[in-house]
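Below is one structure, written out as structure tokens; comments come after it.
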Amino acid sequence: MPTPPIDLTVYPDECDAYGHLNQASFLTLFERARWETMARGPGMDVFQRSGAWPAVRKTTIDYHLGAYPGDVLRFEQLLVHFGRTSFTLRQVARRTRDDALIATAEFVFVCIDKAGKPMPVPAEIQRFLNAEPEGERLRRFTVNGVRLAVAERGVGLPVLFIHGFPLDHTIWAHQVETLDGFRRIAPDLRGFGGSDAPDLGYGMATYADDLAALLDALHVDAAVLCGVSMGGYIAFEFARRHRQRVKGLVLMDTRAEADTPEARRGREHAIQVAREKGTGALALQLLPRMLRPDAATAAPEVAEGTRAMMASAPVQGVVGALVAMRERADSTPTLATLAGVPTLVVVGEQDQLTPPALARAIADGIPDASLAVIPGAGHLPMLEQPQATTDALRRFLLGVRG
Numbered sequence: 564m565p566t567p568p569i570d571l572t573v574y575p576d577e578c579d580a581y582g583h584l585n586q587a588s589f590l591t592l593f594e595r596a597r598w599e600t601m602a603r604g605p606g607m608d609v610f611q612r613s614g615a616w617p618a619v620r621k622t623t624i625d626y627h628l629g630a631y632p633g634d635v636l637r638f639e640q641l642l643v644h645f646g647r648t649s650f651t652l653r654q655v656a657r658r659t660r661d662d663a664l665i666a667t668a669e670f671v672f673v674c675i676d677k678a679g680k681p682m683p684v685p686a687e688i689q690r691f692l693n694a695e696p697e698g699e700r701l702r703r704f705t706v707n708g709v710r711l712a713v714a715e716r717g718v719g720l721p722v723l724f725i726h727g728f729p730l731d732h733t734i735w736a737h738q739v740e741t742l743d744g745f746r747r748i749a750p751d752l753r754g755f756g757g758s759d760a761p762d763l764g765y766g767m768a769t770y771a772d773d774l775a776a777l778l779d780a781l782h783v784d785a786a787v788l789c790g791v792s793m794g795g796y797i798a799f800e801f802a803r804r805h806r807q808r809v810k811g812l813v814l815m816d817t818r819a820e821a822d823t824p825e826a827r828r829g830r831e832h833a834i835q836v837a838r839e840k841g842t843g844a845l846a847l848q849l850l851p852r853m854l855r856p857d858a859a860t861a862a863p864e865v866a867e868g869t870r871a872m873m874a875s876a877p878v879q880g881v882v883g884a885l886v887a888m889r890e891r892a893d894s895t896p897t898l899a900t901l902a903g904v905p906t907l908v909v910v911g912e913q914d915q916l917t918p919p920a921l922a923r924a925i926a927d928g929i930p931d932a933s934l935a936v937i938p939g940a941g942h943l944p945m946l947e948q949p950q951a952t953t954d955a956l957r958r959f960l961l962g963v964r965g
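For this note's numbering, count along the sequence shown from 1 and bump the result up by 563.
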């Protein structure tokens, strides 16, 4: 869960001879932010009260920009893994005056007793770290070695919503909240949102198998898959690997073809930007093409929310997804094999990344598929025109439910 942010000021004695906040001081600020979080929650003595101590087992830090005396850094803490005796916190430091991403870090803690032996994480800490914001009601499942965060609502025909890159399950908020009569399942893919973000282990097959294992954990035999953009690539792969579990397909603002050489070079550039400048810089590059051309003025709250969502994505997840998309198979031969699978192809009328012509080609290639074009939307119609998108999905799903 994201805990309340902590603001800390950089002081001169924390900086090196060149005026930069030095690495040792950064570790101190990260730790101070964690303790401030505890102080505002269960109390700074919560571990002593439980006879436990959180020993740091592993630390990974990415330094993105310099910080200087007088800068106010905002630290956000996010629980990304919770085990019996260990837990992992991701911390992000941003400069408050311009929201620049300064550093990201992950700390793996193992709770030990006075003898130094691992012991269960205290129940009070477990309740505090696993508490969800009101209205979120996320569940977490461990599949294929990672914990996935999942929003789930309703009963009926299961619909599995697969978000795109570099986003998370919250893009489907309107659909998850309003598609009554269906069981709506919206996970964060590995590497995004509240799910674990391992350094390695990404690929279309891995994403698809994660989702199949998630359906197992939810006791769902088959579902309608609804994937947008990269989520569409994953839906294609899922259909190839787990065809018997596909009740229907919604392919939204996606493409069937593999990356061209030019597109592969674009992925390489994006990987470089994410690694060297952070996901905030990459978000600024991606945003203009993610939404309709006039989104910044016509829907500034949607534009800013999308930017913030992309900027908060972990670098590991972003790089892993970029590699997975670069290496994905051509799904064009798959289209004809989907005969008998009820399929809806959805596209924003003003989509710049995957224009309506590509959507029509997919719909023409899948026997009996239908096409829905969402007016006033770009690449993310579920955010830009949520009601129209939900209405199109409802009509299709009612037909599948029969």
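Backbone N, C-alpha and C define an ideal beta-carbon position, used for all residues, glycine too.
Model, not experiment: these values are computed from the prediction.
In angstroms, rounded to a whole number, what distance separates the CA positions of residue i and residue j?
i, j, result
"P567", "D625", "22 Å"
"E697", "G939", "The predicted position of E697 is uncertain, since its pLDDT is 41 and thus under 50; a value taken from the coordinates is nonetheless stated next. Taking the straight line joining both Cα atoms gives about 31 Å."
"E669", "G646", "15 Å"
"R923", "H805", "25 Å"
"V813", "L901", "12 Å"
"L730", "A932", "27 Å"
"F755", "G790", "15 Å"
"G829", "L845", "12 Å"
"M793", "D608", "44 Å"
"E695", "L711", "Here E695 scores only 47 on pLDDT, less than 50, and its place in the model should not be relied on; the value that follows carries that caveat. One C-alpha to the other measures close to 14 Å."
"F801", "S894", "11 Å"
"P930", "A892", "21 Å"
"I569", "L934", "47 Å"
"E947", "P575", "45 Å"
"M564", "Y581", "Only weak support exists for where M564 lies, its pLDDT of 45 falling under 50; the coordinates are left without a value."
"D634", "L571", "8 Å"
"E699", "P851", "With a pLDDT of 49 at E699, under the threshold of 50, the modelled position of this residue cannot be trusted, and the question is left open."
Give me the residue from the options with the minimum Cα distance to residue i.
i, options, result
"D784", "L723, G794, H832, Q950", "L723"
"D579", "Y631, T600, A615", "Y631"
"F672", "N585, A678, V684, R806", "V684"
"A826", "A874, K810, T842, M888", "M888"
"G708", "R653, A760, R806", "A760"
"R657", "A666, T651, S649, L642", "A666"
"Q751", "T705, V787, G717, G719", "With the sequence shown as reference, residue 751 is identified as Asp, and Gln is not the correct amino acid for it. Cα-wise, what sits closest to D751 is T705."
"V886", "N585, L763, D743, R597", "L763"
"E687", "T900, T895, P605", "P605"
"A714", "Q848, E947, L778", "L778"
"W616", "L628, H627, W598, T623", "W598"
"E839", "A768, L664, D634", "L664"
"R855", "V904, L943, P824, D772", "L943"
"G719", "A858, K810, I925", "K810"
"L636", "S758, R595, A775", "R595"
"D662", "L642, I675, H627, R958", "H627"
"Y770", "H726, I734, L847", "H726"
"V882", "G629, E740, T622, F728", "F728"
"Q611", "A861, E577, I675", "I675"
"G941", "G717, T622, A859", "A859"
"G766", "A837, A920, G903, Y796", "Y796"
For chain D, check one thing: does any of its Cβ atoms lie closer than 9 Å to the Cβ of residue i?
i, result
"P896", "No chain D appears in this structure, which consists of one protein chain only."
Less than 9 Å separating the beta-carbons of residue i and residue j?
i, j, result
"R746", "P721", "yes"
"M853", "L916", "yes"
"I937", "V963", "no"
"D816", "D914", "yes"
"G841", "V878", "yes"
"Q738", "T952", "yes"
"F593", "F638", "yes"
"L849", "A833", "yes"
"R818", "A786", "no"
"G843", "A874", "yes"
"K680", "G614", "no"
"P781", "I748", "In the sequence as presented, Pro is not what sits at residue 781; that position holds Leu. For L781 and I748, yes; Cβs fall inside 9 Å."
"L960", "L742", "yes"
By the three-class DSSP mapping on this structure, what secondary structure does residue i have?
i, result
"E594", "helix"
"T823", "coil"
"F799", "helix"
"R647", "coil"
"V813", "strand"
"V963", "helix"
"D634", "coil"
"V520", "Any question about residue 520 goes unanswered here, given that the chain covers just 564 to 965."
"D570", "strand"
"L845", "helix"
"R855", "coil"
"L628", "coil"
"V886", "helix"
"P863", "helix"
"A902", "coil"
Hey, would you say the C-beta of residue i is under 8 Å away from at least one heavy atom of the ligand MN?
i, result
"A902", "This structure lacks the ligand MN, and indeed carries no ligand of any kind."
Problem - alpha helix (DSSP H) segments (min. 4 residues) lying fully within the segment 653–730 - result: 686–693
Practice task
May I have a chain-ordered list of the beta strand (DSSP E) segments no shorter than 3 residues that lie completely inside the segment 908–959?
Solution key: 933–937
Practice task
Mind listing, in chain order, the continuous beta strand (DSSP E) runs of no fewer than 3 residues lying wholly within the segment 739–789?
Solution key: 745–750
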